[in-house]
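Below you'll find the structure, written out as structure tokens, and then a few comments.
Number of protein chains: 2
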Amino acid sequence: MRDEEREVFENRARRSSKNSPRSEFDFINSIRQKALRHRESFNSSPGTRRSSLLHGIGDDAAVFEQRGGFDTVMTADLLVEDVDFRLSTTPPRLLGHKALAVSLSDIAAMGARPRFALLSVGVPRSVWRSGFLDEFYEGFFALAHRYHVELIGGDVSRTPERVLIDSIVIGDVSHGSAVTRAGARPGDHIFVTGNLGGAHAGLSLLENEIRRAPVGRRIIERLVSRHRRPEPRVSWGAMLGEEGLATAMIDLSDGLSSDLAHLCHESKVGARIDAARIPVDPLVEHLADKLRLNPLEAALNGGEDFELLFTIHPRDLQRLPKRIGTVPATYIGDITDERDLILLRQGRRLRQLNPRGFMHFS
Amino acid sequence: MRDEEREVFENRARRSSKNSPRSEFDFINSIRQKALRHRESFNSSPGTRRSSLLHGIGDDAAVFEQRGGFDTVMTADLLVEDVDFRLSTTPPRLLGHKALAVSLSDIAAMGARPRFALLSVGVPRSVWRSGFLDEFYEGFFALAHRYHVELIGGDVSRTPERVLIDSIVIGDVSHGSAVTRAGARPGDHIFVTGNLGGAHAGLSLLENEIRRAPVGRRIIERLVSRHRRPEPRVSWGAMLGEEGLATAMIDLSDGLSSDLAHLCHESKVGARIDAARIPVDPLVEHLADKLRLNPLEAALNGGEDFELLFTIHPRDLQRLPKRIGTVPATYIGDITDERDLILLRQGRRLRQLNPRGFMHFS
């Protein structure tokens, strides 16, 4: 910071009370500096597309250049303390990770590549004075860095109590290549990335059974991490969009039963999936008795796995990679023409699957 | 709604308890229908640019087309109950108006034209069950309609208590024409649209003096409306950007003293303004004694007038319209080279003006 600038900030700091370690201006300025440093490291890394950002944090609004032949993809995800997370069980670093991860997952589910993010954050005075926000932004920037996402704006407000976060992510995709929920056709095959049920098991462990569960600490940590530190399937999503492979796609945030129902409803189709093919998290399978969980139920109805569910035309099957990095995609069933009817085959039984995933208001 | 669709929604409604008038799906679907109706009426109105929206509400993310030669401008504004507004004094319709207005004001302050909006809304169960959200969105859509802004996404969450809103607006501007806070140069003239201090007087009336103030009801309503129903200067902002007239711009949300300080700091300049030229709201001037307000202080330090403060090179003065519609722009002083020094001339006195506007954390 140059001397003149320092003087201005010190001048401003004088207005702060002794109890308040920094003013809003200082805080926003520190985030702006962090965003600038990240930007510089992206732009100097080889093989990265030059950023189209023109004006980031520090003005009334952020500005980036539009490029003909591309579409912009935008999502916002609101996280509220004691509804979507608990501070007692969520370290701020992981909350910063998760806030960005859920929005990156939405961008991936459109077949797009994430570019920019805005964060609106509300915190009570006590949290403002703690190290919470520094750690929160550390977790955010660590994930942003991996996918070359730039923080370009947002808002900061006080709340009477409770932390709230609105995470906004902007991505892009070649014009007309966005993958909606509405494109699945009868005969398409249904795939899911990674495996399911781990986030639900992790949440159960966190919420009420972590002391009682007769399970080793490392296994607990792995499952809890599925809930607290979800990995958005950024590469899978962008690949499926770029290659035009997926006919429809959604991310598994509410749960497979609910999200498959959304996809079928928007596509005006039905689906038939096979219980034996659903890739249940092996830890959940292995520990089902000890955790008192039905692994198939956890995989079908547990939310927040943030895997991608997509459909693909049979002629494109051969072009579909088996995995990207360590993350496989698994065939679980087919799209049918029986609108909104979702059938689950379990051995010889065929039952109708009703959505039982998460809703805020029901 | 077709019969098959109705069946699906009724099926879903069965999951709702008797106390809950509608599910999250029904709600989001109703907003989606409203957005579609607004979209149709925009697209059929003559002289409107065709919308570049490809996919709006109802998928993982919204998608719109990028156009070469334009820049995208984005802002987010977080409003928290009991910090930024009180439900007891803010009817939901006006809150819907204000949530959008503050973001439109940011877009205008960049010289851009608003195109799309996302709304993230968190409400407690009791509010969800009331008519609050319907009225809130009515106020939002009424303002959106005036400026042909389309609602394309957002999020809905439950909160333990208190309403919160994150209003996100996306605009566009010809490539390179966005007006930042950083472009003011010594010798530029400083202008402000409309008049100042009314929102502050309106807030005072609302907060503690409305019964005691010996002022007529219509005057109270006009001042209170300046606070509760701000008019974003959309046409002024877009004109200044399109014509390349403003060298720097900011909207008056924190207060003239603070916002002029922001503009000067980013531009690395100072300013000298004349108290006699500041366009104080005539109602505030007229009722100063009765309201126990210093009208100049209200104009300098009262926030939320949402007028535009901009600078202009002397050679461009003749191109500047005196007013747009009924809203004038008033010359109040000049930019100087004394970095971060803001001087206020009051008669023969010249005093340093320190920022005293609103901060969430100080």
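Sequence order for the protein chains is S and L. When we follow this note's numbering, the leftmost residue of the first sequence carries the number 8, and every step to the right adds one. When we follow this note's numbering, the leftmost residue of the second sequence carries the number 8, and every step to the right adds one. Every residue gets a Cβ at the ideal spot worked out from N, C-alpha and C, and that includes glycine.
Shorter than 9 Å from the beta carbon of residue i to some beta carbon of chain L?
i                 : result
Glu273 of chain S : yes
Ala189 of chain S : yes
Ser95 of chain S  : no
Ala83 of chain S  : yes
Glu314 of chain S : no
Met117 of chain S : yes
Asp195 of chain S : no
Ser37 of chain S  : no
Asp162 of chain S : yes
Ile159 of chain S : yes
Could you round the C-beta distance between residue i and residue j to whole angstroms and report it? I think they count as a contact, below 8 Å.
i                 : j                 : result
Ile159 of chain S : Ala106 of chain S : The Cβ separation is near 15 Å, so there is no contact.
Ala282 of chain S : Val291 of chain S : No, Ala282 of chain S and Val291 of chain S are not in contact; Cβ-Cβ is about 14 Å, not under 8 Å.
Ala119 of chain L : Gly244 of chain L : 7 Å
Arg39 of chain S  : Ile64 of chain S  : 4 Å
Arg363 of chain L : Gly262 of chain L : 7 Å
Asp258 of chain S : Asp66 of chain L  : At roughly 11 Å, the Cβ-Cβ gap does not stay under 8 Å, so Asp258 of chain S and Asp66 of chain L are not in contact.
Glu88 of chain L  : Val163 of chain L : That belief does not hold up - the Cβ atoms of Glu88 of chain L and Val163 of chain L are roughly 16 Å apart, past 8 Å.
Val276 of chain L : Thr343 of chain L : 7 Å
Ala115 of chain S : Pro239 of chain S : 6 Å
Suppose you measure from the CA of residue i to the CA of residue j; what does that come to, to the nearest Å?
i                 : j                 : result
Pro286 of chain L : Met246 of chain S : 56 Å
Leu111 of chain S : Ser127 of chain S : 16 Å
Ala206 of chain L : Val231 of chain L : 7 Å
His45 of chain L  : Phe148 of chain L : 8 Å
Thr79 of chain L  : Glu157 of chain L : 15 Å
His320 of chain S : Ala278 of chain S : 14 Å
His272 of chain S : Pro131 of chain S : 41 Å
Lys297 of chain S : Ser58 of chain S  : 49 Å
Ala151 of chain L : Arg299 of chain S : 51 Å
Tyr338 of chain S : Arg356 of chain S : 19 Å
Ser260 of chain L : Phe317 of chain S : 45 Å
Val90 of chain L  : Phe313 of chain S : 34 Å
Met81 of chain S  : Phe71 of chain S  : 14 Å
Ala42 of chain L  : Leu102 of chain S : 32 Å
Pro289 of chain L : Pro237 of chain L : 17 Å
Asn301 of chain L : Gly309 of chain L : 11 Å
Gly223 of chain S : Glu31 of chain S  : 44 Å
Gln325 of chain L : Leu203 of chain L : 24 Å
Asp113 of chain L : Glu168 of chain S : 27 Å
Leu226 of chain L : Ser211 of chain L : Checking the sequence, you will find Ile at residue 226 of chain L rather than Leu. Each residue's alpha carbon lies about 13 Å from the other.
Thr333 of chain L : Val241 of chain L : 13 Å
Arg74 of chain S  : Leu61 of chain S  : 13 Å
Asp341 of chain L : Arg284 of chain L : 12 Å
Gly354 of chain L : Gly194 of chain L : 22 Å
Leaving out five residues before and five after residue i in sequence, what residues of the same chain have Cβ atoms less than 6 Å from its Cβ?
i                 : result
Ser274 of chain S : Ala189, Ala191 and Ala255
Thr96 of chain S  : Leu213
Gly209 of chain L : Leu230, Val231, Arg233 and His234
Asp84 of chain L  : Val109, Ser110 and Ser174
Phe123 of chain L : Glu157, Ile159 and Ile177
Val199 of chain S : Glu314, Leu316, Thr337 and Ile339
Counting only the same chain and skipping the five closest in sequence on each side, list residues whose C-beta sits under 7 Å from that of residue i.
i                 : result
Gly251 of chain L : Ser184
Tyr144 of chain S : Ile38, Lys41 and Gly103
Gly76 of chain S  : Ser181 and His182
For a contact meaning CB atoms closer than 8 Å, what does residue i contact in chain S?
i                : result
Gln40 of chain L : The premise fails here: Gln40 of chain L is roughly 15 Å from chain S at the closest Cβ pair, so nothing lies under 8 Å.
Shorter than 9 Å from the beta carbon of residue i to some beta carbon of chain S?
i                 : result
Arg169 of chain L : yes
Arg46 of chain L  : no
Gly75 of chain L  : yes
Val199 of chain L : no
Phe147 of chain L : no
Ser112 of chain L : yes
Phe123 of chain L : yes
Met256 of chain L : yes
Gly178 of chain L : yes
Leaving out five residues before and five after residue i in sequence, what residues of the same chain have Cβ atoms less than 8 Å from its Cβ?
i                 : result
Arg358 of chain S : Leu350 and Leu351
Leu140 of chain L : Phe34, Pro99, Val128, Val130 and Val134
What in chain L is Cβ-close to residue i, meaning under 8 Å?
i                : result
Val80 of chain S : Ala68, Ala69 and Val70
Along chain S, which residues have their Cβ under 9 Å away from the Cβ of residue i?
i                 : result
Ala106 of chain L : Those do not exist, as Ala106 of chain L stays about 12 Å from chain S at its closest Cβ, beyond 9 Å.
Ala185 of chain L : Leu61, His62, Asp66, Ala68 and Val70
Listing by chain order, which chain L residues have their CB less than 7 Å from the CB of residue i?
i                 : result
Thr166 of chain S : Val87 and Val90
Ser127 of chain S : Ala83, Leu85 and Asp173
Who are the neighbours of residue i on chain S, taking C-beta pairs under 7 Å?
i                 : result
His182 of chain L : Glu72
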